[in-house]
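Here's the structure we're looking at; comments come further down.
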Amino acid sequence: EPEVTQTPSHQVTQMGQEVILHCVPISNHLYFYWYRQILGQKVEFLVSFYNNEISEKSEIFDDQFSVERPDGSNFTLKIRSTKLEDSAMYFCASRALGKYNQPQHFGDGTRLSIL
Amino acid sequence: KQEVTQIPAALSVPEGENLVLNCSFTDSAIYNLQWFRQDPGKGLTSLLLIQSSQREQTSGRLNASLDKSSGRSTLYIAASQPGDSATYLCAVPGETGANSKLTFGKGITLSVRP
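Just so you know, the sequences run in chain order A and B.
Under this note's numbering, the letters of the first sequence match residues 1 to 115, in that order.
Under this note's numbering, the letters of the second sequence match residues 116 to 229, in that order.
This is the structure:
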């Protein structure tokens with residue numbers, strides 16, 4: 001069964017450094033998402049992307065964050081200058097076109113640790 | 116603003132028991148509701164999606180029900196097994212459409228004792 005692939009599985013970065021998280025969504029999907037989960041807390045929405053542009057973003061997704069779909073397969077999340085509070089599990093998700101019956105499929109996540 | 120609640124936060128049952136996990140949401144104008152499973156340190160596995168027009172959806176030993184008017188969904192697990200031990204989350208899409216962001220509950224951590 002097709003799946004969403006995320007790399008790396010674990011990223012350790014010094015505070016203030018830039019980090020890029022990589023995702024390969026399921027190939028025929030058109031909607032792409034990033035979520036994060038701080039340890040012990042709810043999964044929180046960051047941003048959604050459709051038709052080569054951001055369709056929705058949360059308050060968390062400030063100027064330090066950006067997303068890109070550089071080619072037909074990858075979807076990246078960049079954090080420009082990381083803070084300690086960015087430490088979390090980051091999940092990429094994708095969804096096929098369809099009205100009400102298409103689920104979002106999630107990757108295994110990237111654990112980001114900021115030192 | 117949509118709020119999703121799952122109570123209790125944790126549940127421990129003996130193997131073989133049938134059990135029900137609850138999910139409630141504040142805004143009943145939802146397009147669908149999705150149930151996920153999360154193993155420790157892992158990603159989210161989609162278990163079931165139940166559309167707003169449906170009352171129930173089944174997959175193997177899992178059955179999800181939806182009562183939009185009361186803002187509730189339940190996930191029924193039949194004949195529980197130790198391998199069912201995981202955190203179960205429910206989530207609903209936002210008001211802009213079925214493709215919009217998901218709002219999650221905090222999850223119910225299930226432990227099935229052999």
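Even glycine gets a Cβ: it sits at the ideal position worked out from N, Cα and C.
For residue 139(B), which residues of its own chain have a beta-carbon under 6 Å away from its beta-carbon, when the five flanking residues on both sides are left out? 120, 186, 187
C-alpha gap between residue 22(A) and residue 74(A), whole angstroms: 7 Å
So, residue 145(B) versus residue 208(B), is the Cβ gap smaller than 8 Å? The answer is yes: Cβ separation under 8 Å.
Name the residue from 148(B), 129(B), 131(B), 130(B) whose alpha carbon lies nearest to the alpha carbon of residue 137(B). 148(B)
So, is the C-beta of residue 27(A) closer than 8 Å to a C-beta in chain B? No, residue 27(A) does not count as interfacial toward chain B.
Alpha carbon of residue 195(B) to alpha carbon of residue 63(A), nearest angstrom: The straight-line gap from Cα to Cα measures roughly 46 Å.
Which residues of the stretch 152-180 of chain B have a Cβ closer than 8 Å to any Cβ of chain A? Give them in chain order. 156, 157, 158, 159, 160, 161, 164, 166, 167, 168
Would residue 92(A) and residue 19(A) be called neighbours here (beta carbons separated by less than 8 Å)? The criterion of a C-beta distance shorter than 8 Å is not satisfied by residue 92(A) and residue 19(A).
Rounded straight-line distance, which links the Cα of residue 229(B) to that of residue 61(A): 43 Å
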